[in-house]
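Heads up, the thing below is written out as structure tokens.
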Amino acid sequence: MGTKKFSVKYCVLLPLVLLITIFLLAVPTSFFGIEGLTVLQQRTIALFVFAALMWIFEIIPSWTTSVMVIVLALLMLSNKGLGFLMVDASGEKLEGIMNYTKIMSAFADPVVMLFLGGFSLAIMAQKYGLDVTLARFLLKPFGTNPKMVLLGFLVVIALFSMFMSNTATAAMMLAFLAPILATFPEGDKGKIALALSIPVSANIGGIGTTIGTPPNGTAVSNLETYFGMSISFGEWAIHMIPFVLIMILVAWVVLQVMFPFSTKKLEVNIPKNDKPTTWRTYLVWATFAVTILLWATESLTGISSNIVALIPLAVFVCTGTFDKEDIKQIDWSVLWLVAGGFALGYAMLDISKGGTGLGATLVNAIPFGEMSIILVFVVAGLVCYLLSNFISNSATAALLIPILCAVSSGLSANPAFAGFGGEKAMICFVATCASLAMLMPISTPPNAIAFSTGLIKTKDMLKAGAVIGIFGLVFAFFWLTKIFPFAA
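Residue 272 in the working numbering sits at position 277 of the sequence shown, and the numbers go up by one each step.
Below is the structure:
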């Protein structure tokens, strides 16, 4: 079976993707029917199609595709790439050549640094037992009533997912939940609700902060790069944590209704933190608290949340708290995945901002300003949601958000667009839609982790994921456009 899958991917899909990409590179620019399209913009379109197909079919790991995208962009679009590709038939220099440092800076984008700092905090929390201590403390008030225990797990998982990777949170909480699930009598559907609380809450919780999940960082980075609009850690949290809390309550009700408890009492016994308490333990606690405080007070201190994220890393490294073994635990694949998306976003920029100008060309060629704003929101949200159920939400956001930045730029010609929250609402809405995709075991790593318990059938996940996800899409639209939009 594995050999057959390998042969289909590498013997059929990979050659097909390469042929499509080469075809898009070889045809004349007039083939696309876009007025004013340049050769470099055509190459950017081919690069987008290549990335999309590679991510959708998962021929190679998603992060590997991102690295290939950056390398191909350097070769085909930059001033230090293949020299013969940078001139036309008459030997004249092509318009819109990118500086190679612009493309390579995707690896050190401020949002990449934000995630790097976030990962260091999460690794230290696990290393010194902060996660176990917090879980014991936070779950205790919810008592032994099964419904309240369910709410407790939903809330605690969401909280951890705001600062740790969704996958790490799901794996940790499953370890705490497994002994509880084993006590359920045969036929009690409540154990399905508890098992589903892991992916549902992990996916929703990540929406709450800019470091909670990669699509959030992709949205923040592209808004800054494309429109010069900044969203601080604190501003995002103020707007999106209330959204997360409401969604958690909705999920709590949905899971109870679909999978009611027959058990009347549950004992939650999380083992004590068995790691020794040293001065480094207190250092990690203090650094965690100071970092969150600085993130929340960016408007007062003036220190960017991206810079703040590097402070704990510096503290941990200088004190020997963070060693070379800890560096290996950083999820470099996520950082490289989002970097590839940023590189695609840079290529969309105007020539004056160091890009190829593709975004402006699309805006001028396609009458976005005449389109129904609500229809654009609906289509963008649904495409993102459906795609994220089959490929990683990080790859979906990396692919769609740069395109939707160009769409938003065109929609800004319509005065009504500002009434729907403008560019910030559109981009943040799409990022949120990516995190609401949880229909199947393959949709997200937390889904797969929960499915591995053997307690959940695919139809259970599909049923709960569809109700919570579709409600979330509609609620996110109204939340970000009308109820609590970001300041312009």
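Idealized CB from N, CA, C, for every residue including glycine. Since this is a predicted model, take the numbers as computed values, not measurements.
Segment limits, alpha helix (DSSP H) that includes residue i
i, result
"Ile65", "57 to 72"
"Thr96", "95 to 99"
"Lys319", "319 to 322"
"Trp231", "228 to 253"
"Val462", "453 to 473"
"Thr296", "293 to 296"
"Pro440", "440 to 446"
"Met49", "34 to 52"
"Leu129", "125 to 134"
"Asn211", "209 to 217"
"Val7", "Here Val7 belongs to no alpha helix (DSSP H), and DSSP marks it neither H nor E."
"Phe148", "141 to 156"
"Leu111", "105 to 122"
"Phe504", "Not covered by the structure: residue 504. The range shown for the chain is -4 to 483."
"Thr162", "161 to 176"
"Asn198", "185 to 200"
"Ile302", "300 to 303"
Where residue i falls, given that 16 or more other Cβ within 10 Å makes a residue buried
i, result
"Phe481", "buried"
"Ser387", "buried"
"Phe415", "buried"
"Met(-4)", "Low local confidence applies: a pLDDT of 48 at Met(-4) is under 50, so the model's placement there is unreliable, with the coordinate-based value given in what follows. Exposed is the call here."
"Val215", "buried"
"Val7", "exposed"
"Val3", "exposed"
"Ser294", "exposed"
"Ala41", "buried"
"Leu475", "buried"
"Asp126", "buried"
"Phe179", "buried"
"Tyr5", "exposed"
"Ala84", "exposed"
"Glu418", "buried"
"Leu468", "buried"
"Cys313", "exposed"
"Phe424", "buried"
"Ala445", "buried"
"Tyr277", "exposed"
"Ile322", "exposed"
"Ile252", "Before going on, a small fix: residue 252 reads as Val here, not Ile. Exposed."
"Val22", "exposed"
"Leu77", "exposed"
"Ile463", "buried"
"Phe254", "buried"
"Asn217", "buried"
"Ser61", "buried"
"Pro307", "buried"
"Lys122", "buried"
"Gly335", "buried"
"Val310", "buried"
"Leu13", "exposed"
Which residues DSSP lists as bridging residue i, in chain order
i, result
"Lys88", "Val82"
Residue i beta carbon near the ligand ADP (any heavy atom closer than 6 Å)
i, result
"Ile368", "In the structure on display, the ligand ADP does not appear, and there are no ligands present to speak of."
message: If we require 4 or more residues per run, which alpha helix (DSSP H) segments fall completely within the stretch 324 to 380?
response: 327 to 343, 353 to 360
- prompt: Can you list the alpha helix (DSSP H) stretches of 4 or more residues lying completely in the stretch 380 to 437, in chain order?
  reply: 388 to 406, 417 to 430
- prompt: Taking three-plus beta-carbon pairs below 8 Å as touching, is the stretch 98 to 110 in contact with the stretch 250 to 261?
  reply: no
task: Count the C-beta pairs between the stretch 204 to 218 and the stretch 416 to 430 that are closer than 8 Å, then say yes if the count reaches three, no if not.
output: yes
message: Is it the case that the stretch 234 to 245 contacts the stretch 355 to 366, given that we only count it when at least three CB pairs across the two stretches are under 8 Å?
response: no
message: Using a Cβ distance threshold of 8 Å, determine whether the stretch 316 to 331 contacts the stretch 376 to 383, with at least three qualifying pairs required.
response: no
query: When the Cβ atoms of the stretch 286 to 300 are set against those of the stretch 179 to 199, are three or more pairs found closer than 8 Å?
result: no
message: Three or more C-beta pairs under 8 Å: does that hold for the stretch 155 to 174 against the stretch 109 to 121?
response: yes
message: Would you call the stretch 395 to 406 in contact with the stretch 58 to 70, where contact means no fewer than 3 C-beta pairs closer than 8 Å?
response: no
query: Does the stretch 88 to 95 come within contact of the stretch 51 to 64, defined as at least 3 CB pairs closer than 8 Å?
result: no
message: Across the stretch 160 to 169 and the stretch 187 to 199, are there enough close Cβ pairs to call them in contact, namely three or more that are closer than 8 Å?
response: yes
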